[in-house]
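These protein sequence lines map, in sequence, to chains A and B.
Position one of the first sequence corresponds to residue 1 (my numbering), numbered consecutively onward.
Position one of the second sequence corresponds to residue 1001 (my numbering), numbered consecutively onward.
What follows is a single structure, written as structure tokens, with notes after it.
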Amino acid sequence: MIVNKQLLERYHTGQCTAEERKCVEDWLDDATLEGDLTVPEPLKTVARRHIWEAVSSAIVVEEQPGRGLRPVRWRWLGYAIGAAASVALVCWLWPPMAGSGEDVLDNRANAMPLWYKQSGYDVLVGEASRATIDIRTGKLEVEGNLVFRPKRDIQIQNGDGMMLLKRGETYFVLEGAQLGNRFIFSSNELTFLPPAMQRKLKQELTI
Amino acid sequence: MSGAVYAFALALLIVSCRGDSKPVGDAQRLTAAYSLFTFNKSGVSTLLVANDLAHGQLSVATDGFALETERLDRSIIVKDGYYYHVDEAADRFMKYALTHAGLQPLGTIAMVDKHIENTYWADDRILVLFTLDNKTFSELEYHIIDVADFRTLDRGVVDLPKSIGDYGGLSVGFSVMRERSMVIGYCYGKFTGNTEYTTIDTMYTATLAYPTMEVQAIHRDARSAYPGGINTVQQYGFTDEAGDFYFMSCPGIALGNTPSKPTAIFRIPAQSDRIAPDYWVNISEQIGNDAYGLWYLGHGKAVIRNERKDRYTDFANHHNTYQFEYHVVDLTEGTLTKLDLPFDKGTRKESVLVADGTAYIAIDDATDAHRIWCYDIRSGRISPGLTIEDGADYIVRLELQ
């Protein structure tokens, strides 16, 4: 049996027979590969471009400066880039404007997590989740779960005080059992959660 | 996934396989008596090695080997100078050697959409892994691995019931060898809300024929819940000089979250595959708190790491509150003695190492010191030892390299 792309795809989607599965796993286990396996640079470039095209066609992004906009498809990228550039320009020229206004990011109708690219942060809103964010006032409310990545240091309301979320770090924000209660963990702190909760988050937020 | 993505993923895979097979000579390997794993304030994790835990200092900045945190978390296995870990991003079980350039991969074994729940060294060369699938968390598999050749000798499904009532996902908290069988301890859990998890109020053990892993018997013990825990993160059991196996149940908030049951130590006698019904040390009853982590000191004594519920609020601050204490347990008398140490932080840590009559205890204390404390088991004397400087936040592992 030859291990080819079709077989590997069937393997990864769980459609293999037991014999095929064994064949693939033996192949993966085989540490005796021989020959020059270097990928030529031109092939790498082509492959990179194909990957990006394939990935980008599947991405739903949004630049959402205010309430009420629906997610836009990638084919509107031109508009999105234009909007992003405009927002960035305004933010740069007039810093007090940066992040003003409340963003309501509603993914409650979706069974998949969804990335929203905002001017001050990126956020992955989990399936059946909804976020209300105003980085000017430090408001960060969640129904369900989300991943929050600040593009600059952001102060967020936390209990009676404020909590600094650092630029470039990844945070997990989880809705608690009591109304309005939520938990924030950095990616490094996730390991301290009960294992079952870590697994559930990894599964739901596909990380 | 499109064909192009797949083709390139494959190309990357082939390139990485080629890299993996690069031999690391003994001269390049960095070996020492002890290995430490730290989470640092910068967000970077580091591995450090030491030959003396009783004196001196190490810097995470200059002595530490930075780790690729996204691929390599703290749930590692360290034995005879080699490091093992499941790289979930690459769907592979990896073997590494530590060199002056950091961890170098030596071999890989396919491990697709699984994570390790428990490990057991059948001997110095044969490692038994128990894994769960990452979708349902109820498909338990065993993997018998020859770590010298780094290949799978056997693998298959352990045919346990997938659920009990509405409790679904499994947790496998210990595994121990008997003459022709293995005994595993496990339980079932469920979510009752977004962040509310609990475990069934019973401990289960299964006797598995070795090496076929056919289920021979299942037993229950309702004195506690959540037997043991993932032992690549922290130890919850040991075998004593007589071959008796002891484990601690962990129904506290950081693991099972079954408040109706106490944390307790149980025994499976050497000649038995069942939890002794007439033996237990009820920890919660004595100290009013739950514990996680159990290490053997020798001669019928062990040390546990317990939380202090008067100091933390909920699981949001469980890890960064200075609250953890260490108690010595007399396994015969069933009594507990608190060790005079600073409060520690960090939920579940492999923070105790027993070697040469000393228990080395790694503590991250409220003064932001990250220090190994040396507890002389015979005299009971405690003295400060090695410190980890320059930005350590948590010492999450301390073990023999």
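Ideal Cβ positions, reconstructed from N, Cα and C, are used throughout, including at glycine.
Rounded to whole angstroms, what is the Cα-Cα separation between residue i and residue j?
i: residue 198 of chain A; j: residue 191 of chain A; result: 7 Å
i: residue 1190 of chain B; j: residue 195 of chain A; result: 12 Å
i: residue 91 of chain A; j: residue 123 of chain A; result: Note that residue 91 of chain A scores a pLDDT of 44, beneath 50, so its modelled location is shaky; the value from the coordinates is reported in the next line. So the two alpha carbons sit approximately 19 Å from each other.
i: residue 1168 of chain B; j: residue 1162 of chain B; result: 7 Å
i: residue 1338 of chain B; j: residue 1207 of chain B; result: 35 Å
i: residue 103 of chain A; j: residue 134 of chain A; result: 6 Å
i: residue 12 of chain A; j: residue 6 of chain A; result: 10 Å
i: residue 1388 of chain B; j: residue 1366 of chain B; result: 15 Å
i: residue 1395 of chain B; j: residue 1224 of chain B; result: 30 Å
i: residue 1350 of chain B; j: residue 1122 of chain B; result: 21 Å
i: residue 1087 of chain B; j: residue 1312 of chain B; result: 33 Å
i: residue 1004 of chain B; j: residue 15 of chain A; result: Bear in mind that a pLDDT of 47 at residue 1004 of chain B, under 50, signals an unreliable position, so the number given afterwards is only what the model happens to contain. When rounded, the distance between both Cα atoms is 20 Å.
i: residue 1104 of chain B; j: residue 1132 of chain B; result: 27 Å
i: residue 1237 of chain B; j: residue 25 of chain A; result: 33 Å
i: residue 1064 of chain B; j: residue 1047 of chain B; result: 5 Å
i: residue 1266 of chain B; j: residue 1235 of chain B; result: 14 Å
i: residue 113 of chain A; j: residue 1209 of chain B; result: 43 Å
i: residue 166 of chain A; j: residue 1081 of chain B; result: 36 Å
i: residue 1172 of chain B; j: residue 1128 of chain B; result: 13 Å
i: residue 1140 of chain B; j: residue 157 of chain A; result: 42 Å
i: residue 179 of chain A; j: residue 106 of chain A; result: 18 Å
i: residue 19 of chain A; j: residue 101 of chain A; result: 58 Å
i: residue 1371 of chain B; j: residue 1056 of chain B; result: 10 Å
i: residue 163 of chain A; j: residue 140 of chain A; result: 11 Å
i: residue 29 of chain A; j: residue 4 of chain A; result: 16 Å
i: residue 109 of chain A; j: residue 147 of chain A; result: 18 Å
i: residue 1397 of chain B; j: residue 1 of chain A; result: 45 Å
i: residue 1116 of chain B; j: residue 1230 of chain B; result: 8 Å
i: residue 1298 of chain B; j: residue 1240 of chain B; result: 7 Å
Go through its chain and collect everything with a Cβ distance to residue i's Cβ below 6 Å, but skip five positions before and after it.
i: residue 1135 of chain B; result: none
i: residue 1274 of chain B; result: 1219
i: residue 185 of chain A; result: 172
i: residue 1355 of chain B; result: none
i: residue 1054 of chain B; result: 1374 and 1385
Whose C-beta lies closer than 8 Å to the C-beta of residue i among residues of the same chain, with five residues either side of it excluded?
i: residue 1390 of chain B; result: 1059, 1060, 1061 and 1062
i: residue 145 of chain A; result: 126, 129, 172, 173, 174, 175, 201, 204 and 205
i: residue 1308 of chain B; result: 1289, 1323, 1324, 1325 and 1343
i: residue 1155 of chain B; result: 1141, 1142, 1143 and 1144
Which residues share a DSSP beta bridge with residue i?
i: residue 1327 of chain B; result: B:1304 and B:1338
i: residue 1209 of chain B; result: B:1181
i: residue 143 of chain A; result: A:130
i: residue 1038 of chain B; result: B:1046 and B:1395
i: residue 1058 of chain B; result: B:1388
On the DSSP letters alone, give me the boundaries of the alpha helix (DSSP H) that residue i sits inside.
i: residue 131 of chain A; result: Counting along the chain, residue 131 of chain A falls outside any alpha helix (DSSP H), though it belongs to the beta strand (DSSP E) covering 129-134.
i: residue 18 of chain A; result: 18-29
i: residue 10 of chain A; result: 5-12
Excluding five sequence neighbours on each side, which residues of the same chain lie with their C-beta closer than 7 Å to the C-beta of residue i?
i: residue 1269 of chain B; result: 1244 and 1276
i: residue 1341 of chain B; result: 1326, 1361, 1363, 1373 and 1382
i: residue 154 of chain A; result: 120, 121, 135 and 165
i: residue 1226 of chain B; result: 1171, 1173, 1187, 1199, 1249, 1250, 1251, 1255, 1256 and 1258
i: residue 1285 of chain B; result: 1262
i: residue 1175 of chain B; result: 1118, 1120, 1128, 1130, 1182 and 1184
Give the range of the beta strand (DSSP E) segment to which residue i is assigned.
i: residue 208 of chain A; result: What is shown of chain A runs 1 to 207, which leaves residue 208 of chain A out entirely.
i: residue 1187 of chain B; result: 1181-1191
i: residue 1095 of chain B; result: 1092-1099
i: residue 1383 of chain B; result: 1382-1389
i: residue 1220 of chain B; result: 1215-1221
i: residue 1066 of chain B; result: 1065-1067
i: residue 1076 of chain B; result: Per DSSP, residue 1076 of chain B belongs to no beta strand (DSSP E) and is neither H nor E.
i: residue 1284 of chain B; result: Where residue 1284 of chain B is concerned, there is no enclosing beta strand (DSSP E), although the alpha helix (DSSP H) it sits in stretches over 1283-1287.
i: residue 1135 of chain B; result: Segment: none, residue 1135 of chain B is in no beta strand (DSSP E) and carries neither H nor E.
i: residue 117 of chain A; result: 114-117
In chain D, which residues lie with their C-beta within 7 Å of the C-beta of residue i?
i: residue 197 of chain A; result: Absent from the structure: chain D. Protein chains present are A and B.
The region 1132-1147 of chain B: positions lying closer than 8 Å to chain A by Cβ:
Listed by position, the residues of the region 1132-1147 of chain B near chain A (Cβ gap below 8 Å) are 1134, 1135 and 1137.
### Message
By the 7 Å beta-carbon criterion, what residues does the region 169-187 of chain A contribute toward chain B?
### Response
Listed in sequence order: 169, 174, 175, 176, 177 and 183.
Interface positions of the region 1103-1128 of chain B facing chain A (Cβ-Cβ less than 7 Å), listed along the chain
1107, 1109 and 1110
For this session: Report the residues of the region 1293-1323 of chain B with a CB closer than 9 Å to any CB of chain A, ordered along the chain.
Result: 1314, 1315, 1316, 1318, 1319 and 1320
**Report entry** Residues within the region 1035-1051 of chain B neighbouring chain A, beta-carbon criterion of under 7 Å
**Finding:** 1039 and 1043
(Q) Against chain A, which members of the region 1085-1102 of chain B pass a CB distance test of less than 7 Å? (A) Listed in chain order, the positions of the region 1085-1102 of chain B with a beta carbon within less than 7 Å of a beta carbon of chain A would be empty, since no residue qualifies.
- Query: Taking a cut of 8 Å between CB atoms, which residues from the region 1179-1207 of chain B lie near chain A?
  - Reply: Result list: 1189, 1191, 1193, 1194, 1195, 1196 and 1197.
Between the region 1155-1168 of chain B and chain A, which residues of the former have a C-beta closer than 8 Å to a C-beta of the latter? none
According to a CB-to-CB cut-off of less than 9 Å, which residues of the region 1066-1081 of chain B neighbour chain A?
-> Under the 9 Å Cβ criterion, the region 1066-1081 of chain B contributes 1069, 1070, 1073, 1074 and 1075.
* What residues from the region 1244-1259 of chain B come within 9 Å of chain A, judged by C-beta to C-beta, listed N to C? -> Answer in chain order: 1253, 1254, 1255, 1256 and 1257.
Check distances from the C-beta atoms of the region 1341-1358 of chain B to those of chain A and list, in chain order, the residues that come in under 9 Å.
-> 1346, 1347 and 1348
Quick one, which residues of the region 120-152 of chain A are near chain B if we go by CB-CB under 8 Å, in chain order? Residues passing the 8 Å Cβ filter: 144 and 145.
TODO: Note down, in chain order, all residues in the region 1213-1243 of chain B with a beta-carbon under 9 Å from any beta-carbon belonging to chain A.
DONE: 1229, 1230 and 1233
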